[in-house]
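Notes for the one structure printed next.
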Amino acid sequence: MVKLEYFSGVSLCAGADHSVCQSTVLIPACCTMRAKASDMHSKDCVRVAVRVRPFNKRERDAGSRCIVSMVSSSITIQDPRESQSRRIFCFDYAYWSHSSFTQDRGGLYVPEEPGGRYADQNSVFQDLGEGILENALQGYNATLLAYGQTGSGKSYSMVGYGPNKGLVPKLCDRLFQAIRENQDTRQCQVFFSMLEIYNEQVVDLLSRGSRTPGGLRVREEQQRGFYVEGLRTVPCDSAPQVEQLMEQGTRTRTTAATNMNANSSRSHMLIILQLKQIFSKESITKQSNINLVDLAGSERQRSSGSEADRLKEGTAINLSLTTLGNVISSLADVAVGKKVVHIPYRDSVLTKLLQSALGGNSRTVMIATLSPADICYEESLSTLRYAERAKRIQNRAVVNESPTERLVKELKAENTRLLQRLSRLGQEGRRANDETKELRQLLTHNELQIRAIQTLWEQHLQEALKDWEQQYANITQERRMMQMHPYILNINEDAQLSGVVKLFIQEGDWDIGLCDSSLRSISIKGLGIQERHAVFRNEQRRVTLTPVAGSKVIINGNAVFQTTELQHLDRLILGSNCTYLFIGYPSERGGDDWSRYDYDYFQSELAAAEGIHLGESSAGSSQTDPSLLAVFYDYIKLMPMVAEANQMSQELNKGVQFKLEIKNLALSDSKGHDLQKEIVVRVTSLGKKQVWMWSKAKFVNRKFLMEEAYQLHQVEKSGDNRVEGLSTAALPRDKDPFWDPVEPVLLGTAHLWLQSLAFRIPLEEQLEVLGSEGTEEAILQAQLVPCTSTGLPMGEDDILIDPSELLGRRLDFQLVLEQCCGLRWIREARNRGVQIGFRLFNCSQPLYSPAVWHNVNPLLDHRVHFAALHTSKCLLDYLQSSAVVLELWGLQEGCTDLISSLEGVRMTTEGIFIIEEAGPTDTALVDSGELSCSVRALQQDMEELKSVNASLRKENQSLREQLNAAKNGGESVRGRSVRPSCDAEFARALKVFYHCMTSVKGQVQRLRRHRPSEESDLLGLRLFVDEQSRLLRDFSEQLEQSVSTLKQDVAAIVRRKRERSGIWS
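Each residue of the sequence shown is one higher than the one before, counting from 740 in our numbering.
Printed below as a string of structure tokens:
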């Protein structure tokens, strides 16, 4: 059982040195921290605040609906799919920052009305920041955790933007204000550290040296707890100095993210402020650690069981956040009295460093940020559940004190006694030379100790001030350069990291790339960046960019290969994903606001160049279809990741290519309704022509594993063998993130409509098999053949005029798959095969045709007999409104054939598949909702039949009167013999009409797929409109002709019936 009392005095940086350089300061044993006995039994629950942000651009474009409401500290979230499903959560603080605000002249966001419900940055700081500061001044460790999905407002709440300062800068301002106010009663020392945890590696963001391979080590000592070895801590005496250090850390973070090809949204950032207060009168020193933690994005991967990856998804990139959740759950269980054997602090770097904040010696606050949009429901609900567990955690915070000043006084007193003794020995003469020498050594040692204690802070502060002055001079120089020269500005996925790096283009030619040996070179690093990538030329106030052969350069979404003149606010992408915004000469800038050119803007331009645009609703309104919008944003989010994966594959000689596709873009279900669209990644082994389809979740997981392999490769190239682990060359295939076992691939689908079976009319079709994005994969010849129970085809005399005649009767038919023609899958590689999969009505498992290999036009000759022993209205409705979806599956060399699973499938001894068995007893299986719907439908049918019956009775009465008036009875016999021949004529007319309507349906499908080319100019669009008009005209004529032919056939049949009967002659 873990004893929570053990963690008194644990701090993130207890073992970090307090100097600008990485040297170790030895502290006497009597100076170690101790806790007041009166504080040992105090318990503090983690205080939790929740903040709801405004809609962002993506959510506004989607027409999102707000599903979160707030009353006092209670938050209600509604399931957008079920309006009656609501969840209520209560927290210590709840902040409504979604609406009811305005921006004042200074750029501050404030409530629309005084006392309004909008919670601005000041409101959040007064509740959370002031409490953290007060705890720190009292000598307690204090921690603030920011949790939520990427883009939910964590960074805005923690750091802020522009004049709307967040918790961290406001806390620093108030801290130094409090120090100035209390400088008469205490001497205060503040140390600042900043680190990042990415992929279980600790990066010192203030380090001036090269990055340590594998990151800094996290060590543990009994007195200190867990600490980061070699972490740089910088003394500070003002808020501007802290702000400057934060900017320096952010710059390092931006550069590291580019160089390491890292995703900042998956990293944790920790800011540590150490406050040391020396009370001279009381001879007491209080030391507090203020830990400000911006956690990685908490996105939930929407992955079903079928998307499970063979490589474990809990990789190092997700380990810290996953372990943090486990720690919080375990501590919440402890708080409610459950017996917990183990709390997994040691399972990740983050939880080691946060051990004191969670269940230990700290007063902790968590702020959970969330989006109120319906499209973020799952992520927001997950965040609220996480926060609810966290608020049950109990910490044991104590005041951290040490008798440092007492030590100085004792040393001074001892020195006075030693001096007096030396004086006496001097008077006694040479008699005590040896003793005098020993006393002088002891005196010198004590004086050194006193000087070290008194001057350590001043020395370090002076060194830090020199460093700060140098940084300030660099910033001043940068601002001067901005007013003189054009430059390129970095754009990052994390808005807080955008605009940090500025690369100036002075007059003359400047090489940009990895090379930094030349005086006229601009050095950048990143995936796909060549030694000499491109050349900037600044001549006569005109800036041009010339790509070097073989390098990738994109300007405003389009790849360029020749010299191009740059215009102010042009967007540049160098290599795989190094994104920059070009800022022209000051005379060109005006009052432009470049903030709209964010990371999504760059990726949207790229997507547009590939033909992917925001879709519009079918109604033709300007509002974007929300389902298409979600797919679009997934697409632009994955685009840079795919580009990076391709570059890593190329550099690691994997021979694997990745390509984004939109699954189900042009496909529909058995009812003809559009299927839900999602992003998948098509993975192709270029050498063996093998293909895999990865889900978004699987690709994202693999991408992080690829990064690990790539970083290992980079270390090997640099000749650094200090990193343990397998080399990329020796990586076994089953652990290779670029490889997967081959498996069947869904190539496309075709729809064979079943309506003809309701009339027992045979159907023969040539079906177009369409891929996910509407490409033609093959032509499939298929038939539906109504037959007898022995499999013999039915004739024209068996055709039904009214499908309801099938009710309660047996229906047999055969699905015949004859041939597949023009298989694109096999044209690309002859060592492939195909199978057809399908399922009918209530079949739980799909059935598959035998595999055929190596043939572009294979003969399938596959026939399946189905039978409904007792045709119900449900089956009849299904036949009249649905199609059997025929799936074309691609097989690859080395993968197994798809096998029809007969588990739960009912079959006769003759091998006939039963799709519906007898019985009225089956109706008991229908749920009450479906039954009530069926009853209502039957009641409506009954009412209609009653009215039809009444009219038929009247007609029957008139027929009887006319028959009685007839001269002989032979005519009645002839009249009775008319029906069978008339029924056959009706059946033939219906068959012709049905085949015509099948052709009309095909025309509708062609109209749906007919779209203009993305590269079309005005002339091309005119040609498209003309072609669309022609197709519509053909469709209209075909439909009119079909209906007209049916009318004529029916009129002719009625006329012949009248002539034959002679009744109306």
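Here a beta-carbon is modelled for each residue, glycine too, at the ideal position from N, C-alpha and C.
Alanine 1298 and threonine 1285 closer than 9 Å at C-beta: no
Lysine 1130 vs valine 787 beta-carbon contact at 9 Å: yes
Option in Val791, Asn921, Ser1528, Gly1561 with minimal Cα separation from glycine 890: Val791
DSSP bridge partner residues for proline 1476 (one or two, in chain order): Answer is none; proline 1476 lacks a bridge partner.
Reduced DSSP secondary structure (H/G/I, E/B, other) of histidine 1734: helix
Supposed contact pair alanine 1107 and valine 789 - C-beta distance, whole angstroms, cut 8 Å: 5 Å
Contact check, leucine 945 vs serine 932, beta carbons under 9 Å: yes
Inter-residue Cα distance where the pair is isoleucine 1016 and cysteine 911: In the sequence as presented, isoleucine is not what sits at residue 1016; that position holds glutamine. Using only the alpha carbons, I get a separation of about 16 Å.
Exposure of isoleucine 1067, with buried meaning 16 or more beta-carbon neighbours within 10 Å: buried
Cβ pair count under 8 Å reaching 3, the region 1397-1407 against the region 1278-1293: no
Buried versus exposed, by CB contacts within 10 Å (16 or more), isoleucine 1375: buried
Pick from Arg919, Gln1522, Gly905, Leu1762 that is closest to leucine 1493, judged by C-alpha positions: Gln1522
Extent of the continuous alpha helix (DSSP H) run through histidine 1007: Note, histidine 1007: premise wrong, no alpha helix (DSSP H); beta strand (DSSP E) at 1007-1018.
Buried/exposed call for asparagine 1229, threshold 16 Cβ in 10 Å: buried
Minimum Cβ-Cβ distance from valine 1555 to chain C less than 9 Å: Checking the listed chains, one finds no chain C in this structure; it contains a single protein chain.
9 Å Cβ cutoff met for aspartate 1541 and alanine 1607: no
Span of the beta strand (DSSP E) around isoleucine 1293: 1292-1294
Inter-stretch contact at 8 Å, needing at least 3 Cβ pairs: the region 1212-1227 / the region 1318-1329: yes
Helix, strand or coil at glutamate 1798 [DSSP, three-state]: helix
Proximity to serine 1511 [Cα-Cα], best of Gly1487, Pro1501, Ala1517, Gly1547: Gly1487
Inter-residue spacing [alpha-carbon to alpha-carbon] between lysine 1796 and leucine 1729: 17 Å
Run of the beta strand (DSSP E) containing aspartate 1250, from where it starts to where it stops: 1247-1252
Buried/exposed call for valine 727, threshold 16 Cβ in 10 Å: Here the chain comprises residues numbered 740 to 1804, so residue 727 is not present and cannot be evaluated.
Within 9 Å, strictly: CB atoms of leucine 984 and glycine 969: no
DSSP state of histidine 724 mapped onto helix, strand, coil: This structure cannot speak to residue 724, because the chain is shown only from 740 to 1804.
Buried versus exposed call for arginine 1761 [16 or more other C-beta atoms within 10 Å across all chains shown]: exposed
C-beta atoms of serine 811 and glutamine 817 nearer than 9 Å: no
Inter-stretch contact at 8 Å, needing at least 3 Cβ pairs: the region 843-863 / the region 1064-1079: no
Start-to-end residues for the beta strand (DSSP E) that takes in arginine 1128: Per DSSP, arginine 1128 belongs to no beta strand (DSSP E); it is in the alpha helix (DSSP H), 1116-1129.
Inter-residue spacing [alpha-carbon to alpha-carbon] between methionine 1380 and aspartate 1339: 13 Å
Reduced DSSP category for arginine 1718 - H, G, I as helix; E, B as strand; rest coil: Only weak support is given to the placement of arginine 1718: the predicted model assigns it a pLDDT of 43, under 50, and the question is left unresolved by the model.
Beta-carbon gap between glutamine 1301 and asparagine 1277 smaller than 9 Å: no
Check whether glutamate 982 and proline 908 have beta carbons under 9 Å apart: yes
Other residues of its chain near valine 941: CB distance less than 7 Å, five sequence neighbours each side excluded: Leu934, Gly954, Leu955, Val957, Val967, Val1088
Cα-Cα separation between phenylalanine 1321 and glutamate 1390, rounded to whole angstroms: 29 Å
Within 9 Å, strictly: CB atoms of serine 1110 and glutamine 888: yes
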